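Counting in numbering that gives the first Met the number 0, the sequence shown runs without a single skipped number right up to 299 at its last residue.
Quick notes on the structure that follows.
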Amino acid sequence: MSDARKSFLDAMPRPVAKARLRPLATCLILTLAGPVLANAPGGSLAVGPVVCDLNGRTEVFAEPVAVPAVEGLARCRFEGSGKVERVVLVESQREIVRIEFNPDGRVRQLRCASRSRVAEDIRLCGWSGPQEVELFDGEGRRRASITHHEGQRVGFKTYFAQGSLGTEEQRLAGGVIELRRHHPSGGVRSVVVMQGEKRRSEQQFSPAGKLLRDIQWDEYQQRTQTDWSEAGRVQRRQMQSLFEGRSVTAVEEYWPNGLLRERSTRDANDHPIGLMQRFDEAGKLIEELIASDPQAGRVR
Numbered sequence: 000m001s002d003a004r005k006s007f008l009d010a011m012p013r014p015v016a017k018a019r020l021r022p023l024a025t026c027l028i029l030t031l032a033g034p035v036l037a038n039a040p041g042g043s044l045a046v047g048p049v050v051c052d053l054n055g056r057t058e059v060f061a062e063p064v065a066v067p068a069v070e071g072l073a074r075c076r077f078e079g080s081g082k083v084e085r086v087v088l089v090e091s092q093r094e095i096v097r098i099e100f101n102p103d104g105r106v107r108q109l110r111c112a113s114r115s116r117v118a119e120d121i122r123l124c125g126w127s128g129p130q131e132v133e134l135f136d137g138e139g140r141r142r143a144s145i146t147h148h149e150g151q152r153v154g155f156k157t158y159f160a161q162g163s164l165g166t167e168e169q170r171l172a173g174g175v176i177e178l179r180r181h182h183p184s185g186g187v188r189s190v191v192v193m194q195g196e197k198r199r200s201e202q203q204f205s206p207a208g209k210l211l212r213d214i215q216w217d218e219y220q221q222r223t224q225t226d227w228s229e230a231g232r233v234q235r236r237q238m239q240s241l242f243e244g245r246s247v248t249a250v251e252e253y254w255p256n257g258l259l260r261e262r263s264t265r266d267a268n269d270h271p272i273g274l275m276q277r278f279d280e281a282g283k284l285i286e287e288l289i290a291s292d293p294q295a296g297r298v299r
């Protein structure tokens with residue numbers, strides 16, 4: 000056991016043995032499960048009329064936004080070029096497939112079904128092998144890319160307006176999902192690892208690539224966190240555990256010179272529990288308190 004973890008344990012009340020917590024439900028900003036719609040938002044160009052076959056009925060619309068949602072298959076083409084503008088399949092008032100294109104033929108929106116339903120989705124949705132598709136907004140700027148394998152979304156990227164990578168999401172072995180966010184300058188900003196709905200870890204980095212925060216969650220979603228300064232010195236450590244059936248957090252805070260400034264244990268409302276110690280910048284103990292049950296409001 001490391002010295003840092005020992006110091007946490009020494010400062011904490013004895014935890015309840017074999018206590019369990021209900022897992023906390025969490026979700027990703029970019030979800031990988033199931034058929035999903037990927038869209039590249041942004042400005043739009045004047046594209047002119049579109050000719051649509053709506054379940055065998057041909058209609059002309061002045062612009063793509065005027066095309067109504069209909070039950071069944073809708074297939075539209077740009078009137079001037081004849082290129083496909085959209086293929087949309089709706090069944091029982093539920094959109095199953097949506098593929099939209101810009102006038103230059105680049106994909107704008109993509110939704111895949113659990114099996115191939117139209118000719119255009121065979122390649123785009125990965126039915127002939129894993130396929131990464133770039134998504135462009137109405138002004139022709141790349142805003143995202145999405146990877147499918149047999150209709151399942153297995154990867155997703157977004158881009159900043161200037162073109163650099165913004166976020167990157169991947170599904171790994173064992174149901175693990177990794178989400179990376181980037182600084183506009185290009186460096187990694189954070190890395191979040193999920194397993195199912197449970198967070199497993201998160202790391203945050205400065206634009207220069209220095210690790211500023213490391214968070215780990217155990218199987219009960221109890222959290223251990225360490226923060227560093229830009230200079231690489233520890234600023235704060237905290238570790239959650241269970242005490243008498245409730246979650247408590249052991250906290251250590253440090254001076255800029257790296258020496259311990261304060262050690263305490265706190266409840267979910269940030270009230271102190273048990274031993275509290277404070278140290279000066281030379282590391283000398285200058286204050287020691289024992290906090291009783293904060294719910295009773297007694298501190299001596």
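Cβ coordinates follow ideal geometry from the N, Cα and C atoms, glycine included.
From a predicted model like this one, the values you see are computed outputs, not experimental measurements.
Q: Thinking residue 106 and residue 77 are a contact (beta carbons under 8 Å), I'd like their distance in whole angstroms, please.
A: Within the sequence shown, the letter at position 107 stands for residue 106. Within the sequence shown, the letter at position 78 stands for residue 77. About 14 Å; that fails the 8 Å criterion.
Q: Starting from the Cα of residue 226, find the closest Cα among 111, 240 and 257 and give me that residue.
A: Numbered from 1 along the sequence shown, position 227 holds the residue referred to as residue 226. Of the candidates 111, 240 and 257, the one whose C-alpha sits nearest the C-alpha of residue 226 is 257.
(Q) Judging by CA-CA distance, which residue of 209, 245, 83 and 131 is the nearest neighbour of residue 151? (A) Taking the sequence shown and counting its residues from 1, the one referred to as residue 151 is at position 152. Out of 209, 245, 83 and 131, 131 has the C-alpha closest to the C-alpha of residue 151.
Q.
If I measure Cβ to Cβ from residue 70 and keep anything under 6 Å in the same chain, skipping five residues before and after, which residues do I get?
A. As a first step, residue 70 must be located in the sequence shown, where it is residue number 71. Excluding sequence neighbours, residue 70 sits near 89.
Q: Give every residue of the same chain whose Cβ lies closer than 6 Å to the Cβ of residue 191, excluding the five residues on either side of it in the sequence, and list them in chain order.
A: As a working note, residue 191 is residue 192 in the sequence shown. The residues are 178 and 201.
(Q) Taking the alpha-carbon of residue 128 as reference, which of 115, 46 and 147 has the nearest alpha-carbon? (A) Taking the sequence shown and counting its residues from 1, one reaches residue 128 at position 129. Selected option, being the one with the closest Cα: 147.
**Q.** Enclosing alpha helix (DSSP H) for residue 123 [first to last residue]
**A.** Against the sequence shown, residue 123 aligns to sequence position 124. Counting along the chain, the alpha helix (DSSP H) containing residue 123 begins and ends at 120-123.
Q: Verify the contact flag: residue 94, CB atom, against every heavy atom of the ligand MG, threshold strictly below 7 Å.
A: In terms of ligand content, the structure shown is empty, and the ligand MG therefore cannot be addressed.
Q.
Let me make sure I understand the geometry here. Which of 239, 228 and 80 has the alpha-carbon closest to that of residue 217?
A. Within the sequence shown, the letter at position 218 stands for residue 217. Residue 239 is the option with its Cα nearest to residue 217.
(Q) To the nearest angstrom, how far is the alpha carbon of residue 181 from that of residue 158? (A) Here residue 181 refers to the residue found at position 182 when the sequence shown is read from its first residue. Here residue 158 refers to the residue found at position 159 when the sequence shown is read from its first residue. When rounded, the distance between both Cα atoms is 9 Å.
Q. DSSP beta-bridge partners for residue 126?
A. For the purposes of this step, residue 126 is identified with residue 127 of the sequence shown, where counting begins at 1. Assignment of beta-bridge partners to residue 126 by DSSP yields 128.
**Q.** CA-to-CA distance, residue 173 to residue 101, given in whole angstroms
**A.** As a first step, residue 101 must be located in the sequence shown, where it is residue number 102. As a first step, residue 173 must be located in the sequence shown, where it is residue number 174. One C-alpha to the other measures close to 37 Å.
Q: Output the distance between the C-alpha atoms of residue 122 and residue 155, rounded to the nearest integer angstrom.
A: Counting from 1 along the sequence shown, the entry for residue 122 is found at position 123. Counting from 1 along the sequence shown, the entry for residue 155 is found at position 156. Going by the C-alpha atoms only, they are around 17 Å apart.
Q. If residue 274 and residue 289 are in contact, beta carbons under 8 Å, what's the gap, nearest whole angstrom?
A. Taking the first residue of the sequence shown as 1, we reach residue 274 at position 275. Taking the first residue of the sequence shown as 1, we reach residue 289 at position 290. 6 Å between Cβ atoms; contact.
Q: Determine, using beta carbons only, whether residue 237 and residue 250 come nearer to each other than 8 Å.
A: Working through the sequence shown from its first residue, we reach residue 237 at position 238. Working through the sequence shown from its first residue, we reach residue 250 at position 251. Against a cut-off of 8 Å, the Cβ pair of residue 250 and residue 237 comes out as a contact.
Q. Sorted by chain position, which residues of the same chain lie with C-beta nearer than 8 Å to residue 281's C-beta, five sequence neighbours on each side aside?
A. As a first step, residue 281 is located in the sequence shown; it is residue number 282 there, counting from the start. Cβ within range, chain order: 258.
Q | Nonlocal neighbours in the same chain, by C-beta distance under 7 Å from residue 114, ignoring five residues either side | A | Taking the first residue of the sequence shown as 1, we reach residue 114 at position 115. Within the same chain, residue 114 has close Cβ partners 150.
Q.
Taking 6 Å as the limit between beta carbons, can you name the residues of its chain near residue 119, skipping five residues before and five after?
A. Taking the first residue of the sequence shown as position 1, residue 119 is located at position 120. Only 86 and 98 meet the Cβ criterion.
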